[in-house]
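Q:
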Amino acid sequence: MKYLSIVILLFVMLSCNNDKNVVVVYTTVDQVFSEPILKDFEKETGITVKSVFDAEETKSTGVLNRLIAEKDNPLCDLFWSGDPVRTIVLKNKGITEAYTSVVAKDISTVFKDAEAHWTGFSARARVLIYNKELLSQYPLPKSIFDLTADTLKGKVAIANPLFGTTTFHMAALFSLLGDEKAKQFLGDLKNNNVVIASSNGDVKKRVIQGEVFCGLTDTDDAFEAIKEGANVGIVFLDQDGIGTLVMPNTVNLIQNSKHQENAKKLMDYLLSKNTEAKLAKSCAQMPLHKGVDTPTDVPSLDHIIPMDIDYQKTAQKLEEIQLYLKDWVED
Amino acid sequence: MKTNFLYKVTFVLFSVFVLLPILYTLFSVFLEESFLDNLRLINSSTFLLLFRSIAISSLIAFLSTGLGVLLAFLLYKTKLSFRKGFRLLLLIPLFVSPYILAVAWKDVLYLFFENHTFIASYKGLVLILTSIFTPLSILIIGSALSNINSQIEESALLIVSPRTVMFRIILPLIKPALISSFVLVFIFSISEFTVPSYLGVKVFTTEIFTQFSAFYNHALAVIQSALLILISIFLLFSEGKYLSEAAFLSIGTKGNQQKFHELGRFKIVALIFLLAYLFSSVLMPYFMLVFQGMNDLGKAFDLLKPTIFNSVFLALGSSVLIVLVGFIVAYFSVKASKLKKIFDWILLIVFAIPSIILGISFIKFYNQSALSFIYTSYAIIVIAYIGKFTFIASKLISNAIRQVPKSLNEQAILIGISPLKRIRKILIPIIAPSLFVAFVISFIFSFSELSLTMMLYPPGTEIMPIKVFTIMANAPQSLVSAMSLIVFSITLLLIVIFHLVYQKIKNTNV
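Taken in sequence, the protein lines are chains A and B. The opening residue of the first sequence carries number 26 in the working numbering; numbering runs sequentially from there. The opening residue of the second sequence carries number 531 in the working numbering; numbering runs sequentially from there.
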């Protein structure tokens, strides 16, 4: 019993760390990009940031499932997501808290929740990454529908559409084209022996290795490949048609969290031009504020025709098509 | 009486800290309004997938155990040159996360086939998981082979051929280890989801993961996991039946020499086989990591440096507790009647639960104001590791205890030695090699555990496997490989240190 008492005492001592000057943030944004920004916030404000990052191995859903499981007694104050889907899932489950940040007032309402449960910043886009050498003998796809051409049979890769940004891409196509046309497109893609990779990173790898000619991925993966010196190129698809899917990062407060004031400060910090400039530099993300300094190779949203979608409705569409997508993958 | 008290206290603590959260989650799911709707989703295709996964896991367990017998015999029962070096090298796959190895394997096989068709298939899955789990079989079987009393083999060799000795004496004597190896590898394979998910191969755990991560249907995922638990219970029941029929073994007590066999003209063949196995299943993927990662070692070390102390301390503390609980359970389960082996069953059930479900159970139970002192500290991870890995330690230790001649204990009782003293002075010194193996395996698993740790690690803390995998997304392959190499090197270094400490303690006590 003596030893048991010591163990309990140790636990109690550990629990006595009631530091008020902290903020707990859960993020699905890759640690290599998010951690430096959170560290800068710590330095500038003196508020300690306690973070939980997500891993590719769990398809970046570990954090989200943790948030859902912690719903009744949230440990997290702020959720920083790499795309709007996960945030909308949380909103639908009643886990988010509304907050309007004045810092984001010049960000377009397209990238904000109508009820202020989340706000978007720094966006990525879905692009075609292609192997320059292998695709040199064929016409370069300009539209997502070109991926069903005979010349690309078995030579196109997409990540498993049940997870991550590919799910959202599919949902966007369904909400934009309608179920019938979208199913026709996915059927054609399947008939063209599309390669289903485990993740966007895997798509990138297969294109670099030359197993496939091209594949759909996110801009950060594609730019990373170029930074690594791979012989690949990028195409923003459907610039003469339905447009390219643009996915902002999103940030939201967690309902009933313990450090709301600090969370608001961090949310304002993340939504600032300064953070967008840093993300543009580190992972080629496109700022949503006007007049942000960006490296020359980072595309501007002013020059890209985006898909005309409503993020909330697209997230709802996603829930409707999940079973279809599961069958499509497993068929 | 004191020993019984210890068992009861351990049982109560384990039930409260580990079992209660799981029961709490199970009952929450059963009481949910959607329970019946979710139950209806379990249909023939669910069972078909389950049977497919059972078949694949059985094949992996069979191949790993078969290879384990062959390799363990060569490494533990022959006078083959460099066998100690081979023993260490063949353990390498245990030191690296299965996910990282799958990535390395995929790259290696791409070099040969120039596409991923072979590797992204059931054949590829069997190949990779067999290569990952065979070292576990080697350890379990090797430990049993080392404990065979040399007199038994020598006497038999005077009468029958070496082949007969192998098939009629050695294999029957190590039957508990063979069954344990099969059971452990089977459960590891059937509950593994990172490798099949990475390869894009559909098995039962990827289905659970899909329900969990794509549909956010925790209840259905828990119900599906319950099927896995039933399979494991069936397995333990069968194992118990076979073990009760197995001959009790005689252990080589202190001072006894092990019997090492001469391979004669087969020596060269054996060496070539070992080298070929080592190269194809261990060194190729490892070289791929070295090749990809050597330029980024400095950067990778800087990233991992803040995590080293935490991770080692956490794994070390957890493994000591795991071996302690494992020993207490093993000691009593060997002596107990079938009905009283409830602790064994609980350990197995917890072990068989997929890590994600275990993690969710712990969050739901511990994330309450009254228990947040556990949930927000490393204590939650230590408890989770004890829950997850004590089954393995307990299996290894109970096998060793079974091999101790009962006569030793009976003689000690006759001369009036107390139960605690009998354990301390007789049992522990005899089974020390198995305790050490249990400690090393527990350490390796605790040090590299990812899925459970990812669900539970306290915000703001840094743990090595978490760091590797959170950095992995979008980091260059070279950096990921370099980090894997560093984790591997630290594990190897620590195991060498543990071994030296163990040898020193052993020599001091001789």
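Where a beta carbon is used, it is the ideal one built from N, C-alpha and C, also for glycine. All of these numbers come straight from a predicted model, not from anything done at the bench.
1) Measuring alpha carbon to alpha carbon, tell me which residue in Gln337(A), Ala150(A) and Thr300(A) is nearest Phe261(A).
2) Starting from Gln898(B), find everything on chain A with Cβ-Cβ shorter than 7 angstroms and list it in chain order.
3) Relative to the alpha-carbon of Leu814(B), which residue among Gln741(B), Leu589(B), Leu601(B) and Phe642(B) has its alpha-carbon at the smallest distance?
4) How close, in whole Å, do the beta carbons of Pro665(B) and Pro623(B) come, if the pair is a contact with beta carbons under 8 angstroms?
5) To the nearest angstrom, how far is it from the Cα of Gln209(A) to the Cα of Ser891(B)?
6) Flag this pair as touching only if the region 921-928 of chain B and the region 120-130 of chain A have three or more C-beta atom pairs under 8 angstroms; answer yes or no.
7) For Gln337(A), would you say it is in contact with chain B, using Cβ-to-Cβ distances shorter than 7 angstroms as the test?
8) Chain A beta carbons: is any one of them nearer than 7 angstroms to that of Lys538(B)?
9) Name the two residues that bound the continuous beta strand (DSSP E) containing Phe146(A).
10) Can you list, in chain order, the residues of its chain with a C-beta nearer than 6 angstroms to that of Ile584(B)? Leave out the 5 residues immediately preceding and following it.
11) Which residues in chain B sit within 8 angstroms of Lys351(A), going by Cβ to Cβ distance?
12) Which residues in chain A sit within 9 angstroms of Tyr987(B), going by Cβ to Cβ distance?
13) When you compare the CB positions of Ser978(B) and Pro884(B), do they come within less than 7 angstroms of one another, or not?
14) Between the region 330-349 of chain A and the region 845-852 of chain B, do at least 3 Cβ pairs fall closer than 8 angstroms?
15) Please report the Cβ distance between Ser223(A) and Gly189(A), rounded to the nearest whole angstrom; I am assuming they are in contact, meaning their Cβ atoms lie under 8 angstroms.
16) Could you name the residues of chain A that Ser545(B) contacts, counting a contact when the two beta carbons are closer than 8 angstroms?
17) Please state whether DSSP places Val733(B) in a helix, a strand or coil.
18) Looking only at its own chain, which residues have a Cβ that is under 6 angstroms from the Cβ of Pro186(A), when we skip the five neighbours before and after it?
19) Do the region 666-683 of chain B and the region 720-734 of chain B make contact, defined as three or more Cβ pairs closer than 8 angstroms?
20) Taking all protein chains shown into account, do 16 or more other C-beta atoms lie within 10 angstroms of the C-beta of Asn216(A), making it buried, or fewer, making it exposed?
21) How should Leu553(B) be labelled, buried or exposed, when 16 other C-beta atoms within 10 angstroms of its C-beta is the threshold for buried?
22) Assuming the contact rule is C-beta atoms closer than 8 angstroms, Asp227(A) and Ala184(A) should be a hit. Round their C-beta distance to whole Å, please.
23) According to DSSP, simplified to helix, strand and coil, what is Cys308(A)?
24) For chain B, check one thing: does any of its Cβ atoms lie closer than 7 angstroms to the Cβ of Gln347(A)?
25) Quick check: what's the CA-CA separation for Val237(A) versus Asp97(A)?
26) Could you give the first and the last residue of the continuous alpha helix (DSSP H) run that contains Lys208(A)?
27) Just by C-beta distance, which residues in the region 643-654 of chain B are closer than 8 angstroms to chain A?
28) Answer with yes or no whether the minimum CB distance from Thr1000(B) to chain A is below 7 angstroms.
29) How many Å lie between Pro995(B) and Asn573(B) at the Cα?
30) Could you work out which residue in Pro312(A), Val57(A), Ile154(A) and Leu89(A) is closest to Phe104(A) when comparing CA atoms only?
31) State the start and end residues of the unbroken alpha helix (DSSP H) segment that holds Phe843(B).
32) Looking at C-alpha atoms only, which residue of Val599(B), Ala602(B), Lys614(B) and Ile1016(B) is the closest neighbour of Leu834(B)?
33) List the whole-angstrom C-beta distance separating Ala182(A) from Leu270(A), where the pair is believed to meet the contact cut-off of C-beta under 8 angstroms.
34) Just confirm the distance between the C-beta atoms of Ser762(B) and Ala882(B), as a whole number of angstroms; I'd bet it's less than 8 angstroms.
35) How would you list, in chain order, the residues of chain B whose beta-carbon sits under 7 angstroms from the beta-carbon of Arg91(A)?
36) Between Leu878(B), Ala591(B) and Tyr640(B), which has its C-alpha nearest Ile662(B)'s C-alpha?
A: So, from the listed chains and residues:
1) The alpha carbon of Phe261(A) has as its nearest neighbour, out of Gln337(A), Ala150(A) and Thr300(A), the alpha carbon of Ala150(A).
2) At a C-beta separation below 7 angstroms, Gln898(B) has these neighbours in chain A: Asn98.
3) The sequence given here has Met at residue 814(B), not Leu. Nearest option by C-alpha distance: Phe642(B).
4) Taking C-beta atoms under 8 angstroms as the contact rule, Pro665(B) and Pro623(B) qualify, at a distance of about 5 angstroms.
5) Each residue's alpha carbon lies about 41 angstroms from the other.
6) The answer is no - the region 120-130 of chain A does not touch the region 921-928 of chain B, with fewer than three Cβ pairs under 8 angstroms.
7) Chain B contact via Cβ: absent.
8) Not an interface residue.
9) In the DSSP assignment, Phe146(A) falls within the unbroken beta strand (DSSP E) covering Thr144 to Asn156.
10) Result list for Ile584(B): empty, nothing under 6 angstroms.
11) Ordered by position in chain B, the residues that pass the 8 angstroms Cβ test against Lys351(A) are Thr740 and Ala744.
12) Val77, listed in chain order.
13) For the 7 angstroms CB-CB criterion, Ser978(B) and Pro884(B) do not form a contact.
14) With a cut-off of 8 angstroms, the region 845-852 of chain B and the region 330-349 of chain A do not count as touching, because too few Cβ pairs lie within range.
15) About 10 angstroms; that fails the 8 angstroms criterion.
16) Close to Ser545(B), with beta-carbon spacing below 8 angstroms, lies no residue of chain A; the smallest spacing is near 15 angstroms.
17) The answer is coil: DSSP assigns Val733(B) none of H, G, I, E or B.
18) In the same chain as Pro186(A), and ignoring 5 residues on each side of it, the C-beta atoms closer than 6 angstroms to its own belong to Thr192, Met195 and Leu350, in chain order.
19) Contact between the region 666-683 of chain B and the region 720-734 of chain B is absent, with fewer than three C-beta pairs closer than 8 angstroms.
20) Counting Cβ neighbours within 10 Å, Asn216(A) comes out exposed, since fewer than 16 surround it.
21) It counts as exposed.
22) Contact between Asp227(A) and Ala184(A) is confirmed by a C-beta separation of about 7 angstroms, below the 8 angstroms threshold.
23) In the displayed model, Cys308(A) falls within a helix according to three-state DSSP.
24) Interface residue, yes.
25) Distance between the alpha carbons of Val237(A) and Asp97(A) is about 46 angstroms.
26) Per DSSP, the continuous alpha helix (DSSP H) segment holding Lys208(A) begins and ends at Asp204 to Asn216.
27) Cβ contacts with chain A come from Glu644, Asn645 and His646.
28) At least one C-beta of chain A is nearer than 7 angstroms to the C-beta of Thr1000(B).
29) Here the alpha carbon of Pro995(B) sits roughly 37 angstroms from the alpha carbon of Asn573(B).
30) Sorting Pro312(A), Val57(A), Ile154(A) and Leu89(A) by C-alpha distance to the C-alpha of Phe104(A) places Leu89(A) at the top.
31) Bounds of the alpha helix (DSSP H) holding Phe843(B) are Leu827 to Lys865.
32) The shortest C-alpha separation from Leu834(B) is found at Ile1016(B).
33) Not a contact, Cβ separation roughly 17 angstroms.
34) Contact holds; Cβ gap of about 4 angstroms.
35) Neighbours of Arg91(A) across chain B, judged by C-beta separation under 7 angstroms: Ile893 and Met985.
36) Looking only at Leu878(B), Ala591(B) and Tyr640(B), the smallest Cα-Cα distance to Ile662(B) is reached by Ala591(B).
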